[in-house]
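Engineer:
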């Protein structure tokens, strides 16, 4: 690897309010040779606002394998590049992972330029534990696959965070309240940093009713933050779960019986393992 290799900057851009583009981010975007963007038309508006005239190159899911070797060649010959997404911190449900992965394998210096993130911003205002959380990105668009994923996440005790599109927000909340229970606490956060920014926290049942009451509430980009499941008391496992576990336990080691019962029932394998130990 040549000592002349350039640097790949991963630059966070505003998720709504243009004032959130940091002075450091502006300086980097002015000084690099090329800005790699998810949608050059979208990003050009942002750059024009700040008087930044750096050339743009698109990088998205349909061309990243084709473009990555070309971009790596530019980095290897001393050019500094910046990677941005349409909004927020790159690679959080955005393309670019393959470029980053290949840059690391080529020992190219990668530097984060931190800034806005819908994920972190939503967590900071939802009021649920944020020291341990699970980010699931966008749930599957098809109802059956979405419901299957929500069933899989049912025993998760950490705070859960999702992104959701406006045309699926009602169906998503409906599935959540049916699978996780109407009284599970959650927050829907929409249009972060924009004029119609809204944070609404309540039960899943009330959130569904609130969204349904006025169609305009279903518009915008959503982050859903859901309180984790309460810890299961191993002494109150339902009789069907106990029956399944005990039948498997007759022929399998404790760990394997707990794993299989978890796959069947959706209950945490650790909870079932503790049940098997008599805790």
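Numbering (UniProt numbering), first residue to last: 1 to 279.
We treat Cβ as the ideally placed atom computed from N, Cα and C, and that holds for glycine.
1) Is residue 29 helix, strand or coil by DSSP?
2) Among residues of its own chain, excluding the 5 on either side of residue 262, which ones have a beta-carbon nearer than 7 Å to its beta-carbon?
3) Drop a sphere of 10 angstroms on the beta-carbon of residue 140, count the other beta-carbons inside from all chains shown, and report buried for 16 or more, exposed for fewer.
4) Compare the C-beta of residue 5 with all C-beta atoms of chain C and state if any pair is closer than 8 Å.
5) Helix, strand or coil, according to DSSP, for residue 169 in the structure here?
6) In the segment 209-267, which residue ranges form an unbroken beta strand (DSSP E) of at least 3 residues, counting only runs that do not cross its ends?
7) Check each candidate in 53, 238, 82, 161 and name the one with the smallest Cα separation from residue 127.
8) Using C-beta distances below 7 Å, list every residue in its chain close to residue 200, excluding the 5 sequence neighbours before and after it, in chain order.
9) Quick test of your reading: residue 31 and residue 94, contact by CB under 8 Å. State the CB separation rounded to the nearest angstrom.
10) Could you tell me which of 184, 169, 158 sits nearest to residue 190, measuring between CA atoms?
11) Distance check for residue 274 and residue 92, CA to CA, integer angstroms please.
12) Would you call the segment 66-81 and the segment 96-112 in contact, with 3 or more CB pairs under 8 Å?
13) Decide if the segment 151-158 is in contact with the segment 222-231; the criterion is three or more beta carbon pairs, one per stretch, under 8 Å apart.
14) According to DSSP, which residues form a beta bridge with residue 164?
15) Would you say the beta carbon of residue 128 is closer than 7 Å to some non-hydrogen atom of the ligand FMN?
16) Which of the three DSSP states is assigned to residue 7 in this structure?
17) Please state whether the Cβ-Cβ distance between residue 205 and residue 221 is less than 8 Å.
18) Find the nearest neighbour of residue 179 within the set 253, 27, 241, 226, judged by alpha-carbon distance.
Structural biologist: Per the coordinate set shown:
1) helix
2) 268, 269, 272
3) exposed
4) Structure shown: chain C not included; a single protein chain is present.
5) helix
6) 222-226
7) 161
8) 187, 188, 207, 210
9) Between residue 94 and residue 31 the Cβ distance is about 23 Å, and since that is not below 8 Å, they are no contact.
10) 169
11) 35 Å
12) yes
13) yes
14) 222
15) Although the ligand FMN was asked about, the structure shown includes no ligands whatsoever.
16) strand
17) no
18) 226
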